[in-house]
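Engineer:
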Amino acid sequence: MPGSFDPVTLGHLDVIERAAGLFDELHVLVVHNPSKTALLPVAQRVELIETSIREAGFAGNITVASWSVGLLVDYCTDVGASVLVKGIRSQVDVAYETPMAIVNRNLAHVETVFLLPDPAHAHVSSSLVRQVAGLGGDVSPYVPRAVAALLEPGTSSDLL
Ligand code: PNS
Numbered sequence: 460m461p462g463s464f465d466p467v468t469l470g471h472l473d474v475i476e477r478a479a480g481l482f483d484e485l486h487v488l489v490v491h492n493p494s495k496t497a498l499l500p501v502a503q504r505v506e507l508i509e510t511s512i513r514e515a516g517f518a519g520n521i522t523v524a525s526w527s528v529g530l531l532v533d534y535c536t537d538v539g540a541s542v543l544v545k546g547i548r549s550q551v552d553v554a555y556e557t558p559m560a561i562v563n564r565n566l567a568h569v570e571t572v573f574l575l576p577d578p579a580h581a582h583v584s585s586s587l588v589r590q591v592a593g594l595g596g597d598v599s600p601y602v603p604r605a606v607a608a609l610l611e612p613g614t615s616s617d618l619l
């Protein structure tokens, strides 16, 4: 399950839990997306996902890693993964994800499976969380405890 996870949200965690229940092994992969202005360093995003998964008590078949060089499908080949998992909140997500899914299939026969999150999380996105936190708002309803603690109002403006 690749993504920017900048930061991980409760919507991501919901999809991670569902995917871990469907596959023998799940790799949650933090990928640097050069088209987005990052809030958190990749290593910190990985740590926050690991902490959140541990605190949520998810199954032990989840690995968290990062990938910054080369194609996403190269990582898949390296670890022997044949399926990508993406969460889909709306038709906008379908339109964004469809070309990537087709390119990844053409590149390396890696299929993409789209999972629907709990509708309770349908409005939650990392970009919204970044914006609310950056303007001093409370993001605790949308993110795991570790992320809320990091982004709570009053956090150093160096970070946001
Ligand atoms: O959470 P995001 O930012 O929507 O995730 C997008 C991401 C990182 C999964 C996407 O940009 C990606 O797959 N990047 C890897 C580079 C790559 O392999 N590109 C070619 C096929 S899409």
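For the sequence shown, the working numbering begins at 460 and goes up steadily by one. C-beta: ideal position from N, C-alpha, C; glycine also.
#1: Output yes or no for whether 7 Å exceeds the beta carbon distance between L507 and V588.
#2: Can you pull every residue whose C-beta falls closer than 5 Å to some heavy atom of ligand 1, listed in chain order?
#3: What residue range is occupied by the uninterrupted alpha helix (DSSP H) comprising I508?
#4: So, using beta-carbon positions, are P576 and D473 closer together than 7 Å?
#5: I'd like to know whether the C-beta atoms of F573 and K545 end up nearer to each other than 7 Å.
#6: Can you tell me the Cα-Cα spacing of A610 and S525, whole angstroms?
#7: Please state the DSSP three-state secondary structure of H580.
#8: Within 10 angstroms of its Cβ, does P612 collect 16 or more other Cβ (buried), or is it exposed?
Structural biologist: The structure says:
#1: No, the pair does not count as a contact, with Cβ atoms beyond the cut-off.
#2: That gives P461, G462, S463, V490, N492, L530, L531, M559, V562.
#3: Per DSSP, I508 is one residue of the alpha helix (DSSP H) stretching across 501–515.
#4: Contact flag set, yes.
#5: Yes, these two residues count as a Cβ contact at 7 Å.
#6: The question names Ala, yet the displayed sequence has Leu at residue 610. Between the C-alpha atoms of L610 and S525 there is a straight-line separation of about 22 Å.
#7: Residue state, collapsed to three classes: helix.
#8: P612 sits exposed, since fewer than 16 C-beta atoms from the chains shown fall within 10 Å of its C-beta.
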